[in-house]
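K.L.:
Shown below is the structure under consideration.
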Amino acid sequence: MSRSGLDFVKVGEVFRFAKTVGEVDVTLFAGLTGDFSDTHINEQYMQERSNLGRRIAHGALIVGYMSTVSTISIQHIIHKPDLIDFPVSAGYDRIRFLRPTFFGDTVTVSYEITEVDHEAGKSFAKMEAVNQKGELLAVGVHIMRWARKLKEA
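Count the sequence shown with UniProt numbering and you get residues 1 to 153, in order.
Shown next, in the form of structure tokens:
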């Protein structure tokens, strides 16, 4: 019997991913993206010119952690036999960076399924990133689209 992967997505399920942000993470991310802003790579600049007093991680790096937890949320589904569809990220809505992420912060992203729309073939999740102090760093909504598989030739 063929089923939609969306049948296995349950409102209220929560998934998490945690990672300590290190200098290597930020430096490699700067190299990958080309974003070499002084706010990320120049400690002296941040000490002298910023009220933060030290370097911060890229906001897009935190969105990357959000992407990681979205992948974790589907790992228990994607290899089930006889699925008629597969998940594809349809994007992120209302991403907000509420406070800076500093080098050495341990960021935990939670991903809570808030809605399953079988008719549209989508699921929605509330995402929150917090640091080791429990301070909210970033929030957003992720949309997962469940695309029909191509028929075999």
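Glycine included, each C-beta is placed from N, C-alpha and C at the ideal position.
From a predicted model like this one, the values you see are computed outputs, not experimental measurements.
1. Taking only three categories from DSSP, how would you classify Ser89?
2. Please classify residue 160: does DSSP put it in a helix, a strand, or coil?
3. Less than 8 Å between the CB atoms is what I'm expecting for Pro100 and Ile143, so what's the real figure, rounded?
4. Hey, how far is the Cα of Asp93 from the Cα of Phe17?
5. Quick check on Ala153: buried or exposed, where buried means 16 or more other Cβ atoms within 10 Å of its Cβ?
6. Tell me where the alpha helix (DSSP H) around Ser70 begins and ends.
7. Relative to the C-alpha of Ser73, which candidate in Pro81, Gly5, Ala147 and Leu150 has its C-alpha closest?
8. Would you be able to state if there are at least three C-beta pairs under 8 Å between the segment 14-33 and the segment 53-71?
9. Would you say the beta carbon of Thr33 comes nearer than 7 Å to a heavy atom of the ligand SAH?
10. What are the boundary residues of the alpha helix (DSSP H) that includes Glu43?
P.N.:
So, from the listed chains and residues:
1. In the three-state DSSP reduction, Ser89 falls in the strand class (E or B).
2. A query on residue 160 cannot be resolved here, the shown segment of the chain reaching from 1 to 153 and no further.
3. Rounded, the Cβ-Cβ distance is 26 Å, inconsistent with contact.
4. Cα to Cα, the separation comes out at about 19 Å.
5. Any reading at Ala153 must be qualified, since the residue scores a pLDDT of 41, below 50, and its modelled position is unreliable; no value is offered.
6. Secondary structure note for Ser70: its alpha helix (DSSP H) is the uninterrupted segment Gly59 to Ile74.
7. Per the Cα distances, Gly5.
8. Taking a cut-off of 8 Å for Cβ pairs, the segment 53-71 and the segment 14-33 touch, as three or more such pairs fall below it.
9. Ligands displayed in this structure: none; no statement on the ligand SAH is therefore possible.
10. In the DSSP annotation of this structure, the continuous segment of the alpha helix (DSSP H) that includes Glu43 starts and ends at Glu43 to Arg49.
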